[in-house]
Amino acid sequence: MSKSNRRDRNRRGLTLVEMMIAMVVLSIGLLGVAGLQARAITEGAGGRHLSEASAIARNRVEELGRFAWGDTDLDDSGGAFNAASATINSLDGITYTVAERVSWDDADANLVQIKSLEVRVTWDDEKRQGRQVLLTSARLREIDE
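First residue of the sequence shown: 32, per the numbering used here; consecutive thereafter.
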């Protein structure tokens, strides 16, 4: 066999077996990327639900803070969360349940009077049942109230 024939045979390119091995390796890599993408979408939804629940709790605490000191919504709840004060349905089908607890001690009128406001938002998602956010704030009694 001449030298030029050997060089031509070495330059022919990839064989069928080499192409099949390359396709298998590429397929495994693409399947891994697809799995990561699905996981990222699921985790992103959980973060969105947490953000929505936090915003709902923050809005309710701010709303409670705007009530007058003697308003019935700010009456002491006896240490327990009240029955669900609201249910909110999101666009993606998650139902958020809002409950609140107000507690305070006015035993001594000479002391600064503070009401503790707690808002709990609970929801169920596809990964876990009974997820919740608890936001606590305090409201001082104004001098003229």
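Positions of the beta carbon are idealized from the N, C-alpha and C atoms, including for glycine.
- When rounded, the separation of the alpha-carbon atoms in Met50 and Leu62 is 18 Å.
- Between Val152 and Ala111 the beta-carbon gap is near 17 Å, outside 8 Å, which marks them as no contact.
- The C-beta of Val133 has 16 or more other C-beta atoms within 10 Å across all chains shown, which makes the residue buried.
- A Cβ-Cβ contact shorter than 7 Å links Trp100 with Arg172.
- In the three-state scheme derived from DSSP, where H, G and I count as helix and E and B as strand, Gln144 is classed as coil.
- In this structure, the alpha-carbon of Asn113 lies about 43 Å from that of Gly66.
- In the DSSP annotation of this structure, the continuous segment of the alpha helix (DSSP H) that includes Ser85 starts and ends at 47 to 97.
- As computed with DSSP, Glu157 is found in no beta bridge at all.
- Excluding the 5 residues flanking it on each side, Val129 has same chain C-beta neighbours closer than 8 Å at Ile87, Ala88, Arg91, Ala115, Ser116, Ala117, Thr118, Ile119, Val150, Arg151, Val152, in chain order.
- In the three-state reduction of the DSSP assignment, Leu122 falls in the coil class.
- If you look at Arg172, you'll find it isn't in any beta strand (DSSP E); DSSP assigns it neither H nor E.
- Judged by beta-carbon spacing, Gly96 lies within the 7 Å limit of Arg170, meaning their Cβ atoms are closer than that value.
- When rounded, the separation of the alpha-carbon atoms in Lys146 and Ile174 is 14 Å.
- If you draw a straight line from the Cα of Thr167 to the Cα of Arg70, it is about 32 Å long.
- DSSP lists Val150 as the bridge partner or partners of Leu166.
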